[in-house]
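Asks: Protein sequence lines, in the order shown, are assigned to chains A and B. Take 1 as the starting number for the first sequence in this note's numbering and just add one per residue. Take 1001 as the starting number for the second sequence in this note's numbering and just add one per residue.
There are 2 protein chains.
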Amino acid sequence: MSFELLTSSGYARRGTLTTKTSKIQTPVFMPVGTYGTVKGLTPDQLHDIGFEIILGNAFHLFQRPGLETIKKFSGLHKFMGWNKSILTDSGGFQIWSLKELRKISEEGVEFKSPLDGSKIFMSPEDSINTQLILNSDIVMAFDECTNYPSSLNEAEESMNLTHRWTKRSVDYFNKNKNGHLLFGIVQGGMHNELRLKSLEFMNSMKLDGIALGGLSVGETKEEKTKVLKFLAPHLQIDKPHYVMGIGTPEEIVEGVRYGIDMFDCVMPTRNARNGFLYTSKGILKIRNSEHKNSTKPIDENCDSYTNRNFSRAYLHHLDKCNEILASTLMSIHNLSYFYKLMSDIRKSLEENKFEEFLDSFYDMRSLNKPKI
Amino acid sequence: MSFELLTSSGYARRGTLTTKTSKIQTPVFMPVGTYGTVKGLTPDQLHDIGFEIILGNAFHLFQRPGLETIKKFSGLHKFMGWNKSILTDSGGFQIWSLKELRKISEEGVEFKSPLDGSKIFMSPEDSINTQLILNSDIVMAFDECTNYPSSLNEAEESMNLTHRWTKRSVDYFNKNKNGHLLFGIVQGGMHNELRLKSLEFMNSMKLDGIALGGLSVGETKEEKTKVLKFLAPHLQIDKPHYVMGIGTPEEIVEGVRYGIDMFDCVMPTRNARNGFLYTSKGILKIRNSEHKNSTKPIDENCDSYTNRNFSRAYLHHLDKCNEILASTLMSIHNLSYFYKLMSDIRKSLEENKFEEFLDSFYDMRSLNKPKI
Chain A
1 MSFELLTSSG
11 YARRGTLTTK
21 TSKIQTPVFM
31 PVGTYGTVKG
41 LTPDQLHDIG
51 FEIILGNAFH
61 LFQRPGLETI
71 KKFSGLHKFM
81 GWNKSILTDS
91 GGFQIWSLKE
101 LRKISEEGVE
111 FKSPLDGSKI
121 FMSPEDSINT
131 QLILNSDIVM
141 AFDECTNYPS
151 SLNEAEESMN
161 LTHRWTKRSV
171 DYFNKNKNGH
181 LLFGIVQGGM
191 HNELRLKSLE
201 FMNSMKLDGI
211 ALGGLSVGET
221 KEEKTKVLKF
231 LAPHLQIDKP
241 HYVMGIGTPE
251 EIVEGVRYGI
261 DMFDCVMPTR
271 NARNGFLYTS
281 KGILKIRNSE
291 HKNSTKPIDE
301 NCDSYTNRNF
311 SRAYLHHLDK
321 CNEILASTLM
331 SIHNLSYFYK
341 LMSDIRKSLE
351 ENKFEEFLDS
361 FYDMRSLNKP
371 KI
Chain B
1001 MSFELLTSSG
1011 YARRGTLTTK
1021 TSKIQTPVFM
1031 PVGTYGTVKG
1041 LTPDQLHDIG
1051 FEIILGNAFH
1061 LFQRPGLETI
1071 KKFSGLHKFM
1081 GWNKSILTDS
1091 GGFQIWSLKE
1101 LRKISEEGVE
1111 FKSPLDGSKI
1121 FMSPEDSINT
1131 QLILNSDIVM
1141 AFDECTNYPS
1151 SLNEAEESMN
1161 LTHRWTKRSV
1171 DYFNKNKNGH
1181 LLFGIVQGGM
1191 HNELRLKSLE
1201 FMNSMKLDGI
1211 ALGGLSVGET
1221 KEEKTKVLKF
1231 LAPHLQIDKP
1241 HYVMGIGTPE
1251 EIVEGVRYGI
1261 DMFDCVMPTR
1271 NARNGFLYTS
1281 KGILKIRNSE
1291 HKNSTKPIDE
1301 NCDSYTNRNF
1311 SRAYLHHLDK
1321 CNEILASTLM
1331 SIHNLSYFYK
1341 LMSDIRKSLE
1351 ENKFEEFLDS
1361 FYDMRSLNKP
1371 KI
């Protein structure tokens, strides 16, 4: 088994996930590297923060640089100079996001490339093939993300398509895998009965991990929590649990409480490029004029390279001048914040102090700890 | 004396320049950090390449972030997190470049800020004051760059203004300095007699170093060489010689042949952002489609971080996707190339093999070595 559970506290779990490339400590946050680069950081900078796994994206990398290029490097690791693990998104979510530019059929999805308007067809087999050529450590089954909101009927039809595509993904994967892991994606919209059905289907497929999809598509925080809460007791204990595209520090902390082991989100890097910095007390907006002359670091409680070496005034200045270094330094800071958050969570679980961690986490933000 | 001459070969010199902050090995290339950042690189990355001194710009930093901010940090070093030397441009050249937006008088220059249209006045005293607040290691006297082309009369008037401003710069500097060094800027356009007169004036001012200005303003390579060749025998041996805003690897090599110790230029970083990469065989254009699938490094003869870790195909891809990392990695490469060039020049001078270095430098590029 690739996943090992070390300890737990309620639903919250501390474990390790071993891929063909590296061993990952969970719960883990995975930075998003859509085009084979986590925006603004060198692989060395990612490594220095401590990350053990990043995301790539089959949809984007299929189009640029294309599989012919990737093949020359025997995969994404060597192409981008990253020697730890990579999880690739199947492309399902990105194609679904194209809305009127895509046409979904039983066979797969035809879409118009947002880059050059060319027509591209992607089937579950194509997606898995792409991810195997990328030599991804963790391959995601091809799914259809369920619209939000959607009626019980719509959500059920969409879920059933995802299940059929998952089966095809599994079949193609099993014939071609070589040390790779495959995760399936639970859909079902905001309907508990469908979510449970979908999870039971995924459990029956003997996958290496279970992902929860369709939980960053416009639903409210309450709806998201409702789904997590409902599914928590049904997640197989011996499998890693991944909630896709989430989230804020608060959402991650709550995710861990409901048994989630893996998270990914573009927010740390995207927010960095817009001057939103994560701190132990909440968000700091570096563009505010109050920071113009401030010699203070971003956060007294942070050990990031950015925080140790640069002031609010300097970051404010770089951002104002549209300097590349603004994006780099602030992305390093935000990713370091997320890394540290996960590291603190893991430590608290190891020491059987997760509840104390939660109390302190919410106290620092002057928020009430939600009931579980 | 801050400058120590170690050895020489013809006019070419190997020396050290000691500032209040650090000891610099010459001949040296100084990366340009206009707004308190060498575009795309962290100070650590600059340090790792080996750079001992970078440029700042009084004109730009005066406007953004402004002196009130810089004062909070007791200067630019702490503001930008750079603990080696800094040379600041006086702003004369940048204000001169504003053309119709500036009005020059005996007292100084009034100009319209390109940022917000506000009227700003800068005198020689203001410029030196700004540079001392920046706590620059090497302060440049305030000059008027001479137009190109310009008649003997125009060039002489302009030169005389520079001389009067230099005198005022020296007076203000001597009253306020604290371990800082001051360089004067030789003007005189393309007129040998004026150039000599200007150099003799600067020699008489007992400055810490001599800069040659007005040599990256549109003149031909031959005219530039003519000026360097003419001045070479008249440059004081015990002072460092700096030619401003230069240049290509070929220009730098020729500069060293004519006794120049210090160079700065935006080309390595600007060209990097446009996909032009320096190699031992000349320029490589990473945007060319031939590099799309190339697993080769940029240059077989380069030890840069970029070169050691990334392929042409990856850089081509990052550039195509407008990824920030493209600018960063290619800037690191180009700056590493310039650093290595200077390091090779210094080594050849130490080993009394500068002529062999030149032969090999021109051979690799299939160029004839110019006569001196």
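Glycine is no exception: its CB is placed at the ideal position from the N, C-alpha and C atoms. No experiment lies behind these values; they were computed from the predicted model shown.
Spell out whether any CB of chain A is found under 7 Å from the CB atom of B/R1064.
Replies: yes
Asks: Quick one: grab the DSSP three-state call for A/Q236.
Replies: Residue state, collapsed to three classes: coil.
Asks: Taking the DSSP output, what are the residues bridged to B/T1279?
Replies: B/G1282
Asks: If you follow the alpha helix (DSSP H) that B/I1128 is part of, which residue opens it and which one closes it?
Replies: P1124 to I1133
Asks: Report yes or no: is there a C-beta of chain A within less than 7 Å of the C-beta of B/H1077?
Replies: no
Asks: Under 8 Å, with one C-beta from each stretch per pair, do the segment 287-294 of chain A and the segment 1013-1025 of chain B reach the 3-pair mark?
Replies: no
Asks: Just to make sure I have the definition right: I need the residues of chain A whose C-beta is within less than 7 Å of the C-beta of B/M1080. Which are they?
Replies: Y314
Asks: Using the C-alpha atoms, what's the distance from B/I1133 back to B/D1319?
Replies: 38 Å
Asks: Using the C-alpha atoms, what's the distance from B/Y1314 back to B/R1308?
Replies: Taking the CA atoms as reference points, B/R1308 sits about 13 Å from B/Y1314.
Asks: Let me know the alpha helix (DSSP H) ranges lying completely inside the segment 182-248 of chain A, each 4 residues or longer, listed in chain order.
Replies: With a minimum length of 4 residues, the continuous alpha helix (DSSP H) runs that stay inside the segment 182-248 of chain A are 192-204 and 221-231.
Asks: If you draw a straight line from the alpha carbon of B/N1160 to that of B/G1213, how long is it in whole angstroms?
Replies: 14 Å
Asks: Cβ atoms of A/N293 and B/T1069: under 7 Å apart, would you say?
Replies: yes
Asks: Can you check which of these residues, B/P1065, B/I1128, B/M1267 and B/I1104, is closest to A/H317 by C-alpha distance?
Replies: B/P1065
Asks: Taking beta-carbon pairs under 9 Å, can you tell me which members of the segment 1321-1338 of chain B lie near chain A?
Replies: C1321, E1323, I1324, L1325, A1326, S1327, T1328, L1329, S1331 and I1332
Asks: A/N129 to A/L182, Cα distance in whole Å?
Replies: 12 Å
Asks: Can you tell me the Cβ-Cβ gap for A/G184 and A/R13, rounded? I've got them flagged as a contact below 8 Å.
Replies: Incorrect: roughly 19 Å between the Cβ atoms, too far for contact.
Asks: Cα separation between B/H1333 and B/Q1025?
Replies: Straight across, the Cα-Cα distance linking B/H1333 with B/Q1025 is about 21 Å.
Asks: For the beta strand (DSSP E) holding A/E4, just list the boundary residues, first then last.
Replies: Where A/E4 is concerned, the enclosing beta strand (DSSP E) stretches over F3 to S9.
Asks: Say whether the segment 266-285 of chain A touches the segment 322-339 of chain A, bearing in mind that this needs 3 or more beta-carbon pairs closer than 8 Å, one atom from each stretch.
Replies: yes
Asks: Whole angstroms is fine: what's the gap from A/F59's alpha carbon to A/G92's?
Replies: 8 Å
Asks: Would DSSP call B/G1091 helix, strand or coil?
Replies: Coil.
Asks: If you draw a straight line from the C-alpha of B/M1122 to the C-alpha of B/W1082, how long is it?
Replies: 27 Å
Asks: Can you give me the start and stop residues for the beta strand (DSSP E) that B/R1013 sits inside?
Replies: A1012 to T1018
Asks: Any C-beta of chain B within less than 8 Å: which residues of the segment 16-44 of chain A qualify?
Replies: Y35, G36, T37, K39, G40, L41, T42, P43 and D44
Asks: Hey, could you find the ends of the alpha helix (DSSP H) B/L1329 is sitting in?
Replies: I1324 to E1350
Asks: Please tell me whether A/M30 and A/D89 are closer than 7 Å, where the distance is taken between their beta carbons.
Replies: no
Asks: Quick check on A/K99: buried or exposed, where buried means 16 or more other Cβ atoms within 10 Å of its Cβ?
Replies: Exposed is the call here.
Asks: Since A/G209 and A/K177 should fall inside the 8 Å C-beta cutoff, what is the C-beta to C-beta distance between them, to a whole number of angstroms?
Replies: Contact check for A/G209 and A/K177: beta-carbon distance about 14 Å, past the 8 Å limit, so the pair fails to qualify.
Asks: Name, please, each residue of chain B whose Cβ falls closer than 7 Å to the Cβ of A/E68.
Replies: Under the 7 Å cutoff, chain B gives N1293.
Asks: Are the C-beta atoms of B/H1047 and some chain A residue less than 7 Å apart?
Replies: No - not a single Cβ of chain A is within 7 Å of the one on B/H1047.
Asks: I'd like to check one pair, B/E1144 with B/T1162: are the Cβ atoms closer than 7 Å?
Replies: yes
Asks: Round the Cβ separation of A/P381 and A/I345 to the nearest angstrom and send it over; I've been treating them as touching at under 8 Å.
Replies: Shown here, chain A extends from 1 to 372; a query on residue 381 of chain A therefore has no answer.
Asks: Under a Cβ-count criterion, where at least 16 other Cβ atoms within 10 Å of its own Cβ denotes burial, should A/T220 be classed as buried or exposed?
Replies: Counting Cβ neighbours within 10 Å, A/T220 comes out exposed, since fewer than 16 surround it.
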